[in-house]
Structures are given as structure tokens and as C-alpha cells.
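Trainee: Pasting in a structure now, in C-alpha cells, and then I'll have a few things to ask.
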Amino acid sequence: MTARFDPGEADARWQARWEQDDCFAANSASDRPKTYVLEMFPYPSGRIHMGHVRNYAMGDVLARYRRMQGHEVLHPMGWDAFGMPAENAAMERKVHPGAWTWANIATMREQLKRLGFALDWSRELATCDPAYYGHEQALFLDLFEAGLVYRKESEVNWDPVDCTVLANEQVIDGKGWRSGATVERRKLAQWFLKITDFADDLVEGLGTLDQWPDKVRLMQQNWIGKSRGLEFRFALADGGEDIAVFTTRPDTIFGASFLAISPGHPLAEAVAAKQAEAAEFIARCRAGGTSAAEIETAEKLGFDTGVEVVHPLDPEWRLPVWIANFVLMEYGTGALFGVPAHDARDFEFASKYGLPIRRVVAASAEESDAPVTEAETIEGVAVNSRFLDGLPTREAAAEVIRRAEAEGWGHGKVQYRLRDWGVSRQRYWGTPIPIIHCAGCGAVPVPREQLPVVLPEDVSFDLPGNPLDRHPSWSRTDCPKCGAAARRETDTLDTFVNSSWYFIRFASQPADRPFDRAEAESWLPVAQYIGGVEHAILHLLYARFWTRALQRIGRIGIAEPFKGLFTQGMVTHETYRSGDGSWLSPDEVRRDGDIWVRVADGAPVTPGRVEKMSKSKRNTIDPEPIVARYGADAVRWFMLSDSPPERDLEWSENGIEGAARFIQRVWRLASAQSSGEGRDQALDRRVHKAVAAVGEAIEGLQFNKAVATLYELTSAIEKAPPSQSRGDAVATLLKLASPMAPHLAEEAWRALGRQELLATAAWPSFDPALLVDEDVTLAVQVNGKLRDTLVAPRGLDRAAAEALALASEKVQRQLAGSAPRKVIVVPDRLVNIVA
RNA sequence: GCGGACGUGGCGGAAUGGUAGACGCUGGAGACUUAAAAUCUUCUGCCCGACUGGGCGUGCGGGUUCGAGUCCCGCCGUCCGCACCA
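Anchor point for the first sequence: position 180 equals 179 in numbering that gives the first Met the number 0, and the numbering is continuous, going up by one each time.
Quick look at the structure:
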């Protein structure tokens with residue numbers, strides 16, 4: 000028996016033992032209740048970071064807990080392995096993206112294994128493996144054949160120097176983030192997935208996700224942006240094609256004073272073809288930036304086309320048509336009718352160009368002539384609106400829609416902000432899109448037996464652009480339909496496609512198809528998905544869409560992939576700057592009394608804000624040396640302590656030291672032999688309460704509370720005199736601690752002389768009768784202020800409790816002889832005397 | 001601008017409308033030790049007080065209630081998401 004628990008030796012030994020006994024393999028054929036615990040799989044950037052450790056520690060506690068409860072648990076790990084960083088590494092270091100990625104995976108796998116996570120490594124997958132992306136290609140073709148994939152011209156951010164498409168996030172102040180070149184908008188033929196087909200289902204489905212954070216559901220709801228209104232047409236006064244507009248406020252139809260169309264609207268282009276000034280105006284609009292800051296400050300600009308339209312409810316009423324820079328072609332019909340009195344943008348626009356501002360909504364009919372000094376986006380009653388006058392907003396809107404439909408000039412419509420998902424990326428390191436372009440046959444799917452379409456290895460990153468385009472032979476092929484010379488699609492799929500179905504592949508991985516439906520359904524939906532809130536919209540929405548798409552084409556019988564979702568907080572650390580403003584890493588600085596100085600030369604250092612660990616701020620702590628120094632359990636324990644899991648956790652030396660201290664404390668408790676006879680009822684109650692509290696905390700993902708309960712139990716055991724109960728309590732403590740600190744728990748368990756593995760042991764049960772004490776402490780208040788506390792037997796009746804409280808000397812002193820006016824008794828809790 | 005979350009000791013944080021500050025960290029005092037580390041004991045919201053004790057206290061101002069950190073109304077502040085979405 001050693002005096003100290005030595006994680007350096009014990010961690011590896013228990014990890015090997017778990018692996019040897021295959022403790023964490025998920026058996027799909029098991030008839031035990033199944034639980035699928037999943038954390039968002041990592042991008043293999045090279046090394047794991049503290050955020051990973053926190054994320055996976057949380058999932059691991061839940062997975063281990065469920066397993067101990069007798070569940071068959073699926074807790075897998077894999078790699079989101081396609082993406083840009085591998086290509087950047089290729090360009091910078093002349094290494095193939097694949098070689099770089101697989102080397103990173105090997106490193107990170109070992110790092111994760113050293114943390115002792117209860118993962119089923121037999122199901123490990125990497126999205127850059129043809130054995131994975133080949134099945135993804137098959138699913139893509141399934142969706143293609145079901146009509147859920149299409150190709151169309153779309154504007155992209157084009158970097159003319161790197162000859163590549165950039166994501167919006169890669170455009171900084173209108174310039175490419177790598178090249179610094181001014182980004183152009185260019186039209187390219189792109190592949191799209193019809194996520195808008197599912198817009199309504201995706202909104203409705205949010206209502207069933209009661210184990211998701213409200214915040215995430217709301218973010219998705221806003222992103223999809225469902226709004227109801229009226230789509231209707233204005234006829235041009237001089238003939239020509241009608242202009243369709245969409246509005247959410249059809250009740251304001253008599254407040255219209257102009258029509259505004261997008262610079263990209265067909266009518267705008269038609270006008271520009273005839274008028275040079277219009278063409279110039281449109282060009283000026285296009286030059287404007289797209290960043291949030293630019294839009295915020297952008298002035299509303301308009302150009303009067305001279306074209307007029309007829310109001311649908313009054314053939315005599317003409318409205319001017321303006322081209323306006325604030326009208327988006329992508330939303331609605333690319334045209335809107337301006338109601339300045341009741342829309343902020345329209346008000347600004349009308350004020351600037353001297354267009355009429357007419358009140359058509361008021362709080363009441365009497366206020367129909369109140370002046371409009373700012374846009375009033377209110378509901379109320381319709382005024383100055385002919386047959387609508389006096390109708391409340393909602394009824395007026397319904398009436399206009401009814402009339403439009405009856406008269407045939409418009410119809411009620413549901414409009415979404417969500418747009419179809421463009422999945423084409425002009426990049427090498429991604430899933431090749433399994434399509435062949437034939438001059439005669441068009442876009443033809445690659446025949447199934449030719450899948451996977453594998454990325455060529457012999458590519459060079461010496462030149463800008465997509466290496467697949469430049470490859471001498473890869474894209475050359477024959478048309479599967481007609482046999483003519485044809486060209487492979489050289490675009491690859493957005494990496495979000497890879498992560499849209501990996502959780503299904505984890506559940507079932509046959510070699511010959513993406514997954515087995517029955518096996519996948521036996522695990523799905525994921526009971527608890529854990530990851531960062533940064534994926535609240537894109538990844539989680541795409542995965543929901545993909546699952547629903549598979550359901551629609553009959554490949555799977557579930558609509559929602561993630562039953563429970565938890566978004567954990569970040570791991571943060573203080574930042575430090577030297578005198579010249581450059582960032583310093585934590586190991587370059589030290590505390591000297593009240594100030595921080597640089598270790599190297601003692602120069603003063605300015606501590607900055609506590610921020611998310613990031614390379615750019617240099618405030619990261621590498622988990623590997625921490626694990627080497629303190630052991631896996633101390634790191635895991637710290638990651639789960641103190642801060643509630645949804646909030647940020649600040650890394651601190653004191654924190655990890657404290658965790659390591661506790662690990663040793665439990666070890667001492669378990670390894671110090673103390674034999675005793677008889678039951679210690681007070682301790683037994685403490686243990687049962689702890690079992691109930693820890694279980695409840697883990698199920699509620701309140702790991703900080705589980706940790707606090709274990710601290711309390713440890714203290715209680717330490718203070719208890721030797722007894723049979725005490726020995727039992729230590730054993731129970733180890734079981735309760737084992738999901739969080741599994742190596743220590745196994746080692747101490749063995750030190751107690753037990754042979755079985757805690758990893759697969761049963762979770763302790765508790766006796767509800769022992770959760771309540773025989774005596775309770777009654778709070779005694781006078782006028783709501785605490786004056787005394789009394790110990791009384793549980794179940795004391797009201798009269799007795801009142802008498803006991805009134806007998807208190809402290810209460811009598813407060814009452815000073817006067818009789819109480821009223822006494823409130825909450826049984827077994829408190830007595831409040833109102834004087 | 002729209003939407004959302006959150007404000008509790010020196011710090012992280014506990015608290016079904018019922019004893020605010022569990023638990024951890026930091027700090028003080030003490031024990032053990034030749035000494036240090038480790039460990040153990042004990043104190044640690046603020047103010048008055050030698051003590052018994054008393055007053056104040058969950059961002060600010062109101063309200064509901066026998067009783068409010070918790071519920072309601074109005075402010076202030078911080079953070080997050082979306083953003084010219086008709």
C-alpha cells in the first residue's frame with residue numbers, strides 16, 4: 000500500500016485493463032436499455048485542447064454512469080477530418096493534407112486515450128477516409144435522385160489571387176483573409192441541398208426538442224425566420240410584367256407610397272439597359288461591402304426609375320417604382336411596397352426622397368390624424384384605410400388577404416429567411432461530389448459500383464486554386480450514360496455534410512452501405528449530445544435536415560437525431576501582454592507580489608481579460624503536460640468542478656492543485672485500513688443522501704453539484720468513527736466518484752481488496768426512507784426575520800411546533816410581552832410569528 | 001435596431017417562495033516538524049460590540065406575500081445571437 004496514489008503508473012495500467020476487457024464496446028444486439036452518449040467529434044488540428052477535455056469529460060461521466068446503471072452505452076469517437084487547415088498546412092509545409100491529417104489523428108488519439116475516456120474505439124471513424132466518404136457520396140446520390148439536390152448559378156465570394164471561393168467568414172473588410180486581395184462577387188454553378196423544403200418541418204420539430212436549451216431552439220427558429228403574410232402583384236401602369244411583393248403587414252396596404260425593388264431585380268436590369276444613370280446606380284450598390292458594420296452605416300440610396308405601378312385596390316392610384324440599395328434579392332420577391340409611417344427603413348427612405356408618409360395604423364380610431372414623427376411599427380386599428388377603417392390589425396390583414404385571393408391579385412403566403420444549403424466548395428480536401436458532367440447528358444450520377452470516388456494523391460499545392468481542377472487526368476472520364484468523354488465534378492462537399500450523418504455511421508457501420516437501418520434505429524436518437532454553442536445553428540440545423548431528408552426518402556425512421564442537447568461553456572484563462580503590446584503565454588509570466596512580470600527579464604506585464612483559450616491570445620494551457628504532472632483524474636475532476644457546465648470555466652493553477660489534492664485525499668481514506676463493527680446510522684443516512692444527490696446531479700448534467708456532494712461525503716466519512724458503515728461508505732464513495740475519477744476509483748477499489756472492475760460495476764442504490772432525518776431543524780422567525788433555530792422531531796404537528804417556537808427565549812425577547820397576531824407553521828421547516 | 005441570457009462574499013459558485021452564502025479556491029490563526037513540504041484543526045459576507053447580542057446584506061427603485069436571491073412592474077449594467085428579412 001503506497002502512501003500516495005501515483006497516476007503516472009496507475010492511469011496507464013487501468014486504461015490497458017479496460018481495453019483488454021473490452022469494457023466500453025457497445026453491443027448493438029444487447030437487450031439491455033440502450034443509451035447513446037455523444038460529444039461533437041473534434042477536428043484533428045494536431046493536439047487536443049482543454050475545451051476538448053472538458054467536453055469529453057462531461058460525456059464520459061454520463062456514459063460511465065449509464066453503463067453502471069445497467070444500460071448498453073454507445074459512446075464513440077471519431078474525426079471531423081476534412082477542411083481548410085489541412086490545405087493550409089500543405090501549402091505552408093509541403094506536406095500532403097492526408098498525411099498531415101492522419102498524423103494529427105494519431106497524436107490526438109493517444110492524447111485522448113491518456114485521459115481514460117470510456118470510448119468504444121472499435122467504432123472510430125474519420126470523415127477523410129474513403130470508407131466513410133464513399134458512403135456519404137452514396138447518400139448524396141440518394142438525395143439527388145429524390146430531387147433534393149440541384150445545381151444553379153449563385154454568387155460567391157471569389158478571391159482573384161488565390162483563385163478560390165471564400166466563405167463569408169474568410170472575407171475580412173472586403174478582402175481575402177490569406178491573399179489580402181479585394182474579393183469579387185462572381186457567379187458560379189453550385190450544388191444546393193433543398194433544406195428550404197424542410198423549413199416548416201424544422202421549425203415544427205423544434206417544439207418536440209424539450210431537452211434542448213431554449214437558447215438554441217430560439218436561435219434556430221430565428222435563423223429559419225418563418226413569417227406569414229401576403230404575396231401580391233402590382234401591374235405596371237404602362238404594361239409589362241407585374242411586380243410581385245411580399246408583406247407581413249397587408250393591413251397597411253393603403254399606406255403605401257412607393258415600390259422599392261432590389262438592384263438585382265429583373266425590372267431594375269431592364270431599366271438599366273435603357274438608362275445609363277440606372278446602370279450606374281446599380282453598379283454603385285454592388286460595390287458596397289457586405290460586412291455587418293458596412294450595412295449598419297450604409298445610407299439608404301434610391302433611384303427613381305420613372306416606372307409607375309397601379310395600386311391593386313384602386314386603379315386610379317399610381318405608385319412610383321424606385322431601385323433601392325436596401326432591398327435584398329434573396330428574400331421574398333426582391334421587391335417591397337414602402338409604408339413609411341409604419342416601417343423604420345421605409346420612413347428613412349421616404350424622408351430622404353420626399354415621398355408621402357401616411358398614417359394607416361393608430362392606437363385607436365380617434366387618433367387617425369395624429370402626426371407621424373417616427374416609424375410606428377405597432378399593432379392597433381386601421382385608419383385612413385377605406386373599408387378597413389376601425390378593424391384591428393390582425394383582422395384587417397386577414398381581410399386584405401381574403402380580398403386579394405377572392406379578386407385574384409394575391410394570396411396568403413408563408414415566407415422563410417432560410418435559404419437552400421450551398422454545398423459546393425472549390426477545394427481539394429473534401430468529399431468529391433459524385434457527379435459527372437457530360438456535354439450531351441448533363442449532370443450524371445457516378446454509378447454506385449464506382450463509388451467511392453477517391454481523391455487523387457498526386458496533387459500539388461504550389462499554385463493557387465483547386466488542385467483537382469489542375470490534375471492532369473483525375474477529372475477526365477467517360478459519361479456513364481452515353482460513353483462520351485466527360486468531366487468529373489471537381490468541387491467537393493462542404494465539411495458540414497460530413498458531420499451531418501456521422502452519428503448514424505457510429506451507430507451502425509456495415510462495409511457495403513452507409514448504415515443498417517434497424518441497427519441505427521436501435522441506438523438513435525442520440526440521448527445526450529454535448530458540444531459548443533458555436534454549433535447552435537449550422538451544424539445542428541444541417542444534421543437535423545439531413546436526418547429528415549433520410550427519413551423522407553425512407554432510409555431511416557427518425558426525424559430528430561439528437562433528443563438531448565447540452566452546450567457546454569468554454570475553458571478560459573487570463574491573458575497577459577508585455578510592454579510592447581504583444582501577447583505572452585502563462586508560462587512566460589509570473590506573479591511578483593501584486594504585479595505580474597516576465598520570467599525572462601522581470602519586465603512588467605499587464606494582465607488582461609479572462610478569455611477563451613486561443614492561440615492568438617497565447618493564453619492556452621496544453622493538457623498533455625498537465626495530465627503528465629497531475630494525472631488524468633485531477634484534470635477531469637477540475638474540468639467538472641466549480642463552474643456549472645454551461646458556463647465558462649477559468650483555468651487556474653489553484654484549481655488543478657485542489658483537484659489533485661482531493662484525489663489524494665480519497666486515496667488516503669480508502670487505503671487507510673480501519674475496521675469497525677456496527678452500523679453508524681448518521682453516516683448511513685449521509686451515504687444514501689449522497690447516492691441520491693450524485694445520481695440526480697449527473698442526470699441533470701450538474702457535475703459541479705455532484706462534485707460538491709462528493710466533497711461533503713468525503714468529509715463526513717473522514718470524521719466518522721470506525722464502524723461497518725464507514726467501510727461501506729468508502730466503497731460507495733468510490734463508486735460515486737468513479738465516473739469522474741475512474742483511475743483513482745479502480746485503484747482504490749482494488750486496494751479495498753475488491754476484484755471486479757468498477758467500470759462495469761453496478762451503480763449503488765439508495766433507500767428513500769434514509770433520505771430524511773428523524774430530527775429536523777426548525778427555523779423560527781419573528782416578522783419574517785430569523786431569530787432562533789430549534790431541533791425538533793420530524794412530523795411535529797402545527798400546534799406543538801407553534802408552542803415550541805413561542806417558548807423560545809429569543810422569540811419572547813422579540814415579542815416583549817405582546818401577543819402574536821398570527822403564526823405561520825410550515826411543518827418540519829419553519830415557524831413565522833407575526834407580531 | 002430585434003431577440004435572448006445573466007447580475008449573490010476577495011474569487012468560482014449553492015439555495016422546490018421558507019435558516020442566503022453549501023462545496024471549492026484564496027486568506028488568517030493553530031497543531032505536527034530541527035525546518036520545509038504534505039497533512040490535520042479552526043476561523044473567514046459587511047458593520048457595531050470584550051461577549052451574550054444587534055444592525056445591514058443577493059445590481060438599483062417599486063410591488064405581491066406572514067415570508068422574495070427566487071414571482072410581478074420599471075430602471076441600470078454585462079454578455080451572447082441575429083441583423084437593411086419587407
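All C-beta atoms in this analysis are idealised placements derived from N, C-alpha and C, irrespective of residue type, glycine included.
(1) Identify, in the order they occur along the chain, each residue of the same chain with its Cβ nearer than 7 Å to the Cβ of Pro249, setting aside the five sequence neighbours on each side.
(2) Going by C-alpha distance, which of Arg426, Gly482 and Arg402 is nearest Ile435?
(3) Got a sec? Which residues, its chain only, sit under 6 Å from Glu488 by beta carbon, not counting five neighbours each side?
(4) Please list, in chain order, all residues of the same chain as Leu849 whose beta carbon is under 7 Å from its beta carbon, the five residues on each side excluded.
(5) Given a cut-off of 7 Å on the beta-carbon distance, is the pair Val160 and Ser178 in contact?
(6) Looking at the secondary structure, which residues open and close the alpha helix (DSSP H) in which His48 lies?
(7) According to the Cβ coordinates, are Leu564 and Tyr528 closer than 7 Å?
(8) To the nearest angstrom, how far is the alpha carbon of Asp237 from that of Ala340?
(9) Should Asn103 go down as buried or exposed, given a rule of 16 or more other Cβ atoms within 10 Å for buried?
(10) Mind pulling the beta strand (DSSP E) runs of 3 or more residues that sit fully within the segment 440–516?
(11) According to the neighbour-count rule (16 or more other Cβ atoms, all chains shown, within 10 Å of its Cβ), is Tyr427 buried or exposed?
(12) From the DSSP output, read off the bridge partner residues of Tyr843.
(13) Kindly provide the ranges of any alpha helix (DSSP H) runs that are 4 or more residues long and lie completely inside the segment 124–165, ordered along the chain.
(14) How would you call Glu8, buried or exposed, if buried means at least 16 neighbouring beta carbons within 10 angstroms?
(15) Count the CB pairs spanning the segment 616–628 and the segment 540–557 that are closer than 8 Å, and state whether there are at least three.
(16) To the nearest angstrom, how far is the alpha carbon of Tyr710 from that of Thr34?
(17) For His572, which residues does DSSP report across the bridge?
(18) Rounded to whole angstroms, what is the Cα-Cα separation between Asp79 and Tyr42?
(19) Within 10 Å of its beta-carbon, does Pro466 have 16 or more other beta-carbons around it, so buried, or fewer, so exposed?
(20) Strictly by DSSP, which residues pair up with Asp774?
(21) Does the structure place the segment 508–521 close enough to the segment 135–148 that three or more beta carbon pairs sit under 8 Å?
(22) Buried or exposed for Asp20, going by 16 or more other Cβ atoms inside 10 Å?
(23) Just tell me which of Pro792, Glu276 and Leu757 has its CA closest to the CA of Arg16.
(24) State yes or no: is the C-beta of Asp10 within less than 7 Å of the C-beta of Ala631?
(25) Taking the beta carbon of Ala291 as the centre, do at least 16 other beta carbons fall within 10 Å, making it buried, or is it exposed?
(26) Going by DSSP, what residue range makes up the alpha helix (DSSP H) through His900?
(27) Enumerate in chain order the residues of its own chain whose CB-to-CB distance from Ser226 is below 6 Å, with the five nearest sequence positions on each side excluded.
(28) What's the gap between the Cα of Glu559 and the Cα of Glu520?
(29) On the DSSP letters alone, give me the boundaries of the beta strand (DSSP E) that Lys821 sits inside.
(30) Could you spell out the range, first to last residue, of the beta strand (DSSP E) harbouring Leu300?
(31) Sort out for me which residues DSSP pairs Gly409 with in a bridge.
(32) With a cut-off of 8 Å on the beta carbons, I'd call Leu327 and Ser261 a contact; round off their distance for me.
(33) How big is the Cα-Cα spacing for Arg46 and Leu829?
(34) Taking DSSP's pairing of strands, which residues face Thr566 in a bridge?
(35) With three or more C-beta pairs closer than 8 Å as the rule, is the segment 675–689 touching the segment 757–771?
(36) Tell me whether the beta-carbon of Leu73 lies closer than 7 Å to the beta-carbon of Trp420.
Mentor: Reading it off the structure:
(1) Gly228, Leu229, Ala396, Val399 and Ile400
(2) Gly482
(3) Ile432 and Ile434
(4) Residue 849 falls outside the range modelled here, since the chain spans only 0 to 834, and no answer is possible.
(5) yes
(6) Counted as a single uninterrupted DSSP element, the stretch harbouring His48 is not any alpha helix (DSSP H), since DSSP gives it neither H nor E.
(7) yes
(8) Whole-angstrom Cα-Cα distance: 28 Å.
(9) buried
(10) 441–444, 475–477 and 484–487
(11) By the 16-neighbour rule on beta-carbons within 10 angstroms, Tyr427 is buried.
(12) Nothing can be reported for residue 843: it is not among the residues displayed for the chain, which extend from 0 to 834.
(13) 129–144
(14) exposed
(15) no
(16) 28 Å
(17) Glu610
(18) Cα atoms of Asp79 and Tyr42: separation of roughly 5 Å, rounded to the nearest angstrom.
(19) buried
(20) Pro792
(21) By the Cβ test, the segment 135–148 is in contact with the segment 508–521, since at least three Cβ pairs between them sit closer than 8 Å.
(22) exposed
(23) Leu757
(24) Annotated as proximal: Asp10 and Ala631, with beta-carbon spacing under 7 Å.
(25) Its pLDDT being 41, under 50, Ala291 is placed unreliably in this model, and the coordinates cannot settle the point.
(26) The question about residue 900 has no answer, for the chain in this structure spans 0 to 834.
(27) Thr247 and Gln414
(28) Between the alpha carbons of Glu559 and Glu520 lies a gap of roughly 11 Å.
(29) Lys821 to Val825
(30) No beta strand (DSSP E) holds Leu300; DSSP gives it neither H nor E.
(31) Per DSSP, Phe231.
(32) Yes, they are in contact, since the Cβ atoms of Leu327 and Ser261 sit about 6 Å apart, within 8 Å.
(33) 55 Å
(34) In the DSSP assignment, Thr566 forms a beta bridge with Gly530.
(35) Enough Cβ pairs lie closer than 8 Å, so yes.
(36) no
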